[in-house]
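Just add 17 to wherever you are in the sequence shown, counting from 1, and you've got this note's numbering. Just so you know, even glycine gets a beta-carbon here, dropped at the ideal spot from N, CA and C. Bear in mind that the values here come from a model prediction, so they are computed numbers and not experimental data.
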Amino acid sequence: MKVLYDHQIFSRQKYGGISRYFCEIIKYYIAAGDPTVEVAIKYPKNMYFRSVDKGHTHVNRPWGLDCLLSKPKKINQRVSQRVLRKGDYDLFHPTYHRPYFLKCLKNKPFVLTIHDLIHEVFQDTYGGAKKAIECKKSLIKRADHIIVISLNTKKDLLKYYGVPENKVSVIYDATSLGDLSAETPSDSIPKRYVLFVGGRRSSKNFQVFLKATVPLLREDEGLRIVCAGGRNFSEQELALLQSLRVSDRILHVLPSDGQMAWLYRHALTLVYPSLYEGFGLPVLEAFSCDCPAIISRRSSLPEVGGDAAEYIDPESEDSIRSAVQRVIYSQELRESLIAKGRLQNENFSWGKTAEQTHSVYKQLV
């Protein structure tokens with residue numbers, strides 16, 4: 018069996034959960050030799066893609082030349098379209114939700130992975146939601162099978178699109194971050210800090226988290242917040258930090274994977290107060306790096322956290338603040354959460370993800 022993957026997510030993301038998901042399963046299949054894989058891309062933007070054997074891709078230029086091209090994404094799409102029309106594959110697995118390929122498929126089966134339905138859940142406030150929903154709808158209708166990464170995402174898929182339940186498989190994500198050697202960040206990291214990971218758009222609930230923890234920062238002179246990943250603080254965020262008088266207590270860093278592992282391992286706790294997730298990868302990353310996790314009891318997060326996390330109501334500042342206080346000032350509670358997190362993390366692996374995905378492929382070919 019030969020599986021074809023397209024350019025989409027590797028043209029869109031430099032880093033990110035979806036591109037990591039596809040890189041991990043592609044690398045697993047290349048190492049196993051079954052199924053045979055091909056990735057139809059010439060100029061990848063994605064950093065994880067550097068670890069993919071170029072012999073299974075259309076990459077034939079040194080890394081970095083994409084920045085010299087005016088429209089590498091359009092070139093990548095033409096490469097994907099050409100390979101699709103050629104038809105030398107048994108099954109197609111697009112890496113994102115743009116339907117450009119539908120006229121090129123030649124009746125070949127395709128599998129679609131839905132990572133979340135955030136555009137549908139927050140369509141009134143989420144930028145670009147209308148276009149994203151239209152694109153997704155056309156692919157969901159045509160897909161031969163759909164993979165979702167949590168039971169909650171399956172529930173949302175059935176709710177918003179009325180997909181037959183037998184057309185959907187739940188296959189969880191995983192993480193390999195805990196296997197990496199920790200790399201000390203170049204930034205000056207405080208000794209005692211609470212960790213916030215990822216973007217800070219409204220659904221991530223950063224501002225409520227910040228307001229909830231400000232009293233703790235004022236009471237504990239040595240306590241800091243480290244925000245890892247996401248964009249630099251916006252003018253609005255900087256104004257909020259200044260108004261709360263905590264500008265000197267909050268640090269933003271853009272770590273490598275090794276540095277991210279270090280940040281998890283040295284944090285007092287991860288706080289992940291998200292209002293909605295398709296999975297919740299930072300929770301699993303924390304578990305894999307022996308970091309206690311405080312997370313929302315919302316959407317998919319209880320599936321990932323199991324009984325290994327401290328749960329909060331993400332819309333209650335009191336709930337967030339009391340949970341942070343309990344965890345950071347109780348060594349016994351932190352050690353208990355760390356031990357439970359190690360056990361919970363064992364339920365997830367990229368090998369399991371890849372093998373279960375392969376089983377879906379085999380049902381269609």
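{"query": "Within 8 Å, strictly: CB atoms of Val187 and Leu156", "result": "no"}
{"query": "Phe139 in three-state terms, based on DSSP", "result": "coil"}
{"query": "Terminal residues of the beta strand (DSSP E) in which Ile311 lies", "result": "310-313"}
{"query": "Residue nearest to Asp324 in terms of C-alpha spacing, selected from Gly144, Asn124, Gln342, Arg359", "result": "Arg359"}
{"query": "First through last residue of the alpha helix (DSSP H) which encompasses His162", "result": "No alpha helix (DSSP H) holds His162; the beta strand (DSSP E) holding it covers 162-165."}
{"query": "C-beta atoms of Pro272 and Arg338 nearer than 8 Å", "result": "no"}
{"query": "Status (buried if at least 16 other CB within 10 Å, exposed otherwise) for Gly72", "result": "exposed"}
{"query": "Through-space distance from Ile166 to Ile131, alpha-carbon basis", "result": "7 Å"}
{"query": "Same chain, Cβ closer than 6 Å to Leu129, five either side skipped, listed in chain order", "result": "Leu156, Ala160, Ile163"}
{"query": "Identity of the residues DSSP links to Ser186 by a beta bridge", "result": "Ile164"}
{"query": "Burial state of Asn448, where buried means 16 or more other Cβ atoms lie within 10 Å", "result": "Residue 448 lies beyond the range of the chain shown here (18 to 382); nothing can be said about it."}
{"query": "Sub-8 Å separation of Gly313 and Pro331 beta-carbons", "result": "Looking at the sequence itself, residue 313 is Ser, so the reference to Gly does not match. Against a cut-off of 8 Å, the Cβ pair of Pro331 and Ser313 comes out as a contact."}
{"query": "Short Cβ contact (8 Å threshold) for Gly368 with Tyr65", "result": "no"}
{"query": "Three-way DSSP call (helix, strand, coil) for Ala245 in this model", "result": "strand"}
{"query": "CA nearest to the CA of Lys125, picked from Leu21, Lys59, Lys90, Asp274", "result": "Leu21"}
{"query": "Within the region 47-128, ranges of the beta strand (DSSP E) (whole runs, at least 3 residues)", "result": "53-56, 108-110"}
{"query": "Exposure label - Pro79; buried when at least 16 CB within 10 Å", "result": "Confidence in Pro79 is poor, its pLDDT being 49 and thus under 50, which makes the residue's placement too unreliable to answer from."}
{"query": "Residues of its chain near His136, where Cβ-Cβ distance is below 6 Å and the 5 sequence neighbours each way are ignored", "result": "Tyr143, Ala146, Ala149, Ile150"}
{"query": "Neighbour-count burial assignment, Leu101, 16 or more Cβ in a 10 Å radius", "result": "buried"}
{"query": "Distance, Gly195 Cα to Ser316 Cα", "result": "25 Å"}
{"query": "Residues near Leu350 by beta carbon distance below 8 Å, same chain, minus five either side", "result": "Pro309, Glu327, Arg343, Val344"}
{"query": "Straight-line gap, Phe365 to Gln373 (C-alpha atoms, nearest Å)", "result": "12 Å"}
{"query": "Asp307 beta carbon less than 8 Å from that of Ile242", "result": "no"}
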